Each structure stands twice: as C-alpha cells, then as structure tokens.
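Working notes, beginning with the structure itself.
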Amino acid sequence: MLTVASRLDVMNRLGRAMADPTRSRILLSLNEQPAHPGELAEALGLTRSNVSNHLTCLRGCGIVAATPEGRSTRYEIADPHLSKAVLAMLDVVLAVDDGAECADENCDVPFCCEASA
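In this text, residue positions in the sequence shown follow this note's numbering: the first is 546, and each later residue adds one.
Next comes the structure, spelled out in structure tokens:
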C-alpha cells in the first residue's frame, strides 16, 4: 500500500534526482512533454540504456510515471505540482559568494566552484 511521503522524504528524493545533470535534463525534457526512452535518448544525445537507467531511478523516487503503450513505455512527470515546481525553480536567482572556496573538493557542478578553481 502506498503512503504519503513525509516532506523531508520528498525533498530528499527530489534532491537526489536533480543532483545528477542527466536526470535533470530528462526531467526538463519530460516537463515539456511525455516521451519514450528512445525519444529522450535521441533528443538528449544519450544512449538508450543510460536513459533507461536514469528513468528507473526517477521512477523509483516517484518522480516520473510509466505508462505501457504496446511494446514501449511512455514516461511523464508523476505529479502536476512537480511540473510547476520545476518551472518555478528555473526562475530562482541564486546568491552565490564568488569569493568563497568550494566546500566539496569533488564538486563537478558547472560554475559552482569556479572561484576556487
């Protein structure tokens, strides 16, 4: 039986999903329209197996929903509130301290730790 996830659990699942650049790209694409793994792979310049692995993660987190269509599966954002939230996050302006050193020596987020590089 499915239960309503706690707010903290929701935040952790979303954070995990968006922490990976490929998953973020998939989410942005699915936010525009539902798609099949092959379509996502082609549109994003990725392999189908890579896309499928990321979709499995996103589905496991409850972020995307899969709908069988014959021999294929169509994926979409699971909740319309999430679609609105993704669009709202794109409008966020982050206050980044350019003089601060990066706290994570393994950070690979583009432009995040530029000042310390």
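Glycine included, C-beta positions come from ideal geometry on N, C-alpha and C. Since this is a predicted model, take the numbers as computed values, not measurements.
- For the stretch 598–653, the full-length beta strand (DSSP E) segments reaching 3 residues or more read 609–614, 617–622 along the chain.
- Take the alpha-carbon of residue 555 and the one of residue 607: they are about 9 Å apart.
- Between residue 632 and the set 618, 610, 599, 576, the nearest pair of CA atoms involves 576.
- Sorting 627, 585, 570, 642 by C-alpha distance to the C-alpha of residue 559 places 627 at the top.
- Residue environment for residue 562: buried (at least 16 other C-beta atoms within 10 angstroms of its C-beta).
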